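Q:
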Amino acid sequence: MGRLLERLDKVDRRVIYILMAASVIVPLALKLDFPIPIGSGPSMDLYMAIDTLPPGSTVIISFDYDPSTKAELQPMAVALTRHLFGHGVRVIGMAMWPQGASLGQQAMAQAADSLGAEQYEDWVNLGYTVGAGVSLLRMGSSIEAVYPQDRDGVPYDSIPLMRDVRRLGDVDLAISLSAGDPGIHSWVMMAKDTYGVPVGGGCTAVSAPEFYTYLGTGQLVGLLGGLRGAADYETILRERIPGAPGGLATPGMAAQSISHLVIMGFIVIGNVAFIAGRSKRKGGAK
Amino acid sequence: MTMEIVGIWLGALLTLALYSFLYRDNPFYKFTEHLFVGMSAGYWVIYNIYNVLIPNLWDRLVGTGDAAPDMMMIIPAVLGLFMLARLVPKGAGLSRISLAMIVGTGAGLSLVTTFRTNCLSQVEGTIIALTGAGTGQFLSNLILVVGVVCGLVYFFFSKPHRGVIGGAANTGITVLMVAFGASFGYTVMARISLLIGQVQFLLFEWLPTIPIFRGLTG
Chain E
171 MGRLLERLDK VDRRVIYILM AASVIVPLAL KLDFPIPIGS GPSMDLYMAI DTLPPGSTVI
231 ISFDYDPSTK AELQPMAVAL TRHLFGHGVR VIGMAMWPQG ASLGQQAMAQ AADSLGAEQY
291 EDWVNLGYTV GAGVSLLRMG SSIEAVYPQD RDGVPYDSIP LMRDVRRLGD VDLAISLSAG
351 DPGIHSWVMM AKDTYGVPVG GGCTAVSAPE FYTYLGTGQL VGLLGGLRGA ADYETILRER
411 IPGAPGGLAT PGMAAQSISH LVIMGFIVIG NVAFIAGRSK RKGGAK
Chain X
123 MTMEIVGIWL GALLTLALYS FLYRDNPFYK FTEHLFVGMS AGYWVIYNIY NVLIPNLWDR
183 LVGTGDAAPD MMMIIPAVLG LFMLARLVPK GAGLSRISLA MIVGTGAGLS LVTTFRTNCL
243 SQVEGTIIAL TGAGTGQFLS NLILVVGVVC GLVYFFFSKP HRGVIGGAAN TGITVLMVAF
303 GASFGYTVMA RISLLIGQVQ FLLFEWLPTI PIFRGLTG
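One line per chain: the protein sequences are E and X, in this order. Numbering-wise (the numbering used here), the first sequence opens with residue 171 and increments by one. Numbering-wise (the numbering used here), the second sequence opens with residue 123 and increments by one.
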């Protein structure tokens with residue numbers, strides 16, 4: 171037993187990498203499906219915030235991420251836009267990260283095509299803006315001042331959807347899908363706390379704990395945290411909307427669970443081996 | 123279709139080259155790393171020229187369409203050029219004027235909002251009634267209040283952490299450890315999610331382009 175623990179203490183890191191890779195590849199290749207229990211929580215709160223909007227409402231989605239966090243945030247973008255279009259809500263896309271505008275375009279165009287939403291009537295992609303919080307502050311008095319044209323160069327006044335949306339206060343809900351800064355922080359500071367616009371969010375798992383404080387104070391109406399948050403939302407859509415397609419995040423949850431078990435196993439083994447080794451060293455010292 | 127497959131293969135090979143670092147450092151990894159940095163920088167520069175500088179500065183300065191030229195845009199244009207003065211040692215001091223403008227504006231705009239959002243609202247959110255709700259809500263509120271107070275006591279260094287203050291500080295440490303644990307758990311989930319995303323790409327987009335794997339994963 172002692173020798174086994176000693177060997178485990180000195181295991182090659184590449185063995186750990188192989189086991190981690192296997193714990194992700196095998197469940198995905200075998201298409202394992204683990205249940206995702208949904209109760210009341212931040213994901214359900216965001217769903218309800220959208221579902222209680224009357225059809226014809228206007229929602230801004232800010233795609234504040236880039237391809238490095240696409241795995242976590244793009245499934246949220248797809249699920250949210252599907253829900254919004256299916257519910258008859260008009261969507262204004264924008265981005266405070268340069269590549270977010272392209273990723274948002276993918277998500278919105280994909281959902282719009284399958285649900286028959288018309289560009290410029292039901293949705294528009296305003297594109298990327300610099301300035302983060304400063305731009306949001308300016309949008310509070312005039313969105314056109316920040317976006318004189320949309321991502322494709324169409325002038326603001328020529329976009330039917332934007333005719334009755336002149337400032338942030340004209341929007342019923344703002345959602346920031348955020349991989350860092352600028353992102354949810356800026357939206358809460360400017361849109362919610364300055365102009366009173368309800369704000370929801372989706373974020374990478376790394377940043378989820380810091381945004382939970384905004385939920386307790388009501389500064390966020392709901393939050394999707396990481397791949398789990400995206401899978402939650404997809405599951406809620408499937409349970410509540412007949413015929414809703416499966417999403418991108420749900421198939422990854424089995425791999426997520428198994429890889430977490432492997433990591434927990436490594437943490438336990440590492441600690442047991444370390445403690446056993448320390449006891450042995452202390453015994454030897456005596 | 124052909125270009126799509128070329129893109130998938132490029133993505134897959136670059137992904138595998140990056141993961142090869144897990145075995146040991148090697149030229150494939152180095153090449154991909156440098157390619158990524160160079161491509162990102164190039165993409166960022168071009169994107170900002172066409173999506174930021176031209177619509178927000180140039181078009182307004184010269185007046186496109188029916189719009190009249192906006193001469194006020196000369197001010198941000200000059201400040202922007204001052205930033206580039208850092209490249210010339212003799213004129214490097216000019217960039218301080220632009221930086222002062224950025225820092226001053228940023229601080230002025232965010233000072234009040236940051237304090238209101240991240241301090242006042244959070245304090246307000248902690249001032250909650252312990253009674254009047256169900257048992258579950260009572261316990262939740264109690265943990266919140268005790269956790270915040272004890273966490274703050276831990277960072278109070280004007281008194282030795284002994285007796286009641288020591289007990290509260292120890293409780294505060296426990297609360298902080300729980301918070302760090304939650305952050306660590308979420309961080310692990312984030313990293314695994316990124317791995318899952320790339321493995322999904324390799325399994326369900328790249329492998330089906332190879333005839334012998336077609337059908338196995340698709």
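Even for Gly, the Cβ is constructed at its ideal location relative to N, Cα and C. The model shown is predicted, which means the values in this text are computed figures rather than measured ones.
1. Using a Cβ cut-off of 8 Å, pull out every chain X residue sitting near residue 319(E), in sequence order please.
2. Does the beta-carbon distance from residue 394(E) to residue 382(E) come in below 8 Å?
3. Look up residue 369(E) in the DSSP assignment and give the residues it is bridged to.
4. Can you tell me the Cβ-Cβ gap for residue 349(E) and residue 223(E), rounded? I've got them flagged as a contact below 8 Å.
5. Tell me, which residues are paired with residue 170(X) by DSSP?
6. Between which two residues does the beta strand (DSSP E) harbouring residue 265(E) extend?
7. Mind pulling the chain X residues with CB within less than 9 Å of residue 372(E)?
8. Round the Cβ separation of residue 294(E) and residue 250(E) to the nearest angstrom and send it over; I've been treating them as touching at under 8 Å.
9. Go through its chain and collect everything with a Cβ distance to residue 275(X)'s Cβ below 7 Å, but skip five positions before and after it.
10. Can you find a CB in chain X that lies within less than 8 Å of the CB of residue 420(E)?
11. Provide the residue span of the beta strand (DSSP E) that contains residue 294(E), from first to last.
12. Residue 314(X) CB to nearest chain E CB: under 8 Å?
13. Taking any Cβ of chain X, which residues in the region 419-438 of chain E have a Cβ under 8 Å from it, in chain order?
14. What residues of chain E sit near residue 230(X), judged by a beta carbon separation below 8 Å?
15. What do you reckon, are the CB atoms on residue 305(X) and residue 303(E) nearer than 8 Å?
16. Tell me the rounded alpha-carbon separation between residue 268(E) and residue 161(X).
17. Taking the CB atoms as reference points, tell me whether residue 194(E) and residue 314(X) lie closer together than 8 Å.
18. In chain E, which residues lie less than 8 Å from residue 166(X) when you measure between Cβ atoms?
19. Tell me which residues share the same chain as residue 234(E) and place their Cβ nearer than 7 Å to its Cβ, disregarding the 5 neighbours each side in the sequence.
20. Residue 364(E) versus chain A: which residues are under 8 Å apart at the beta carbon?
21. Would residue 392(E) pass as a contact of residue 245(E) if the rule is Cβ separation under 8 Å?
22. Is residue 126(X) close to chain E? Criterion is C-beta to C-beta, closer than 8 Å.
23. Check whether the region 171-189 of chain E touches the region 212-231 of chain E, taking contact to mean three or more Cβ pairs, one atom from each stretch, closer than 8 Å.
24. Would you say residue 173(X) reaches chain E, if we count a Cβ-Cβ gap shorter than 8 Å as a contact?
25. Using a Cβ cut-off of 8 Å, pull out every chain X residue sitting near residue 360(E), in sequence order please.
26. Kindly indicate if chain E contains any beta-carbon less than 8 Å away from that of residue 246(X).
27. When you check each C-beta in the region 289-314 of chain E against every C-beta of chain X, which residues fall closer than 7 Å?
28. Counting only beta-carbon atoms, is residue 333(E) nearer than 8 Å to chain X?
29. Look at residue 367(E) and residue 229(E) and say whether their C-beta atoms are less than 8 Å apart.
30. Going residue by residue through the region 395-446 of chain E, where are the continuous beta strand (DSSP E) segments of at least 3 residues, counting only ones entirely within it?
31. Secondary structure at residue 144(E), three-state DSSP: helix, strand or coil?
32. Any chance you could list the alpha helix (DSSP H) runs of at least 4 consecutive residues sitting entirely within the region 168-203 of chain X, in chain order?
33. When the distance is taken between beta carbons, is residue 313(E) closer than 8 Å to residue 333(E)?
34. Helix, strand or coil for residue 297(X), going by three-state DSSP, please let me know.
35. Quick check on residue 389(E): does DSSP put it in helix, strand or coil?
36. What separation, rounded to the nearest whole angstrom, lies between the Cα atoms of residue 236(E) and residue 306(E)?
A: Reading it off the structure:
1. 177
2. no
3. 344(E)
4. Residue 349(E) to residue 223(E), Cβ: 25 Å. No contact.
5. Looking at the DSSP assignment, residue 170(X) forms no beta bridge with any residue, so it has no partner.
6. 260-265 is the span of the beta strand (DSSP E), which, as asked, contains residue 265(E).
7. Under the 9 Å cutoff, chain X gives no residues; its nearest Cβ is about 13 Å from residue 372(E).
8. So it is not a contact: roughly 16 Å between Cβ atoms.
9. 287, 290, 291 and 294
10. no
11. 293-298
12. Residue 314(X) counts as touching chain E.
13. 421, 422, 425, 426, 429, 430 and 433
14. Neighbours of residue 230(X) on chain E: none; closest Cβ ~10 Å, over 8 Å.
15. Contact annotation: residue 305(X) and residue 303(E) have beta-carbon atoms that are not nearer than 8 Å.
16. 14 Å
17. yes
18. 268
19. So the qualifying residues of the chain are 265, 266, 267, 270, 346, 347, 348, 349, 352 and 353.
20. Of the protein chains in the structure, E and X, none is chain A.
21. no
22. no
23. no
24. yes
25. Proximity of chain X to residue 360(E) at the Cβ level (cut-off 8 Å) is accounted for by 235, in chain order.
26. yes
27. Going along the region 289-314 of chain E in chain order, one finds 297, 298, 300, 303, 304 and 307 with a Cβ nearer than 7 Å to chain X.
28. Judged by the 8 Å Cβ criterion, residue 333(E) is not in contact with chain X.
29. no
30. Listed in chain order, the beta strand (DSSP E) elements of length 3 or more contained wholly in the region 395-446 of chain E amount to none.
31. Given that chain E is displayed from residue 171 to residue 456, the structure contains no residue 144(E) and the question cannot be resolved.
32. 181-184
33. no
34. For residue 297(X), the secondary structure class from DSSP, reduced to helix, strand or coil, is helix.
35. coil
36. 19 Å
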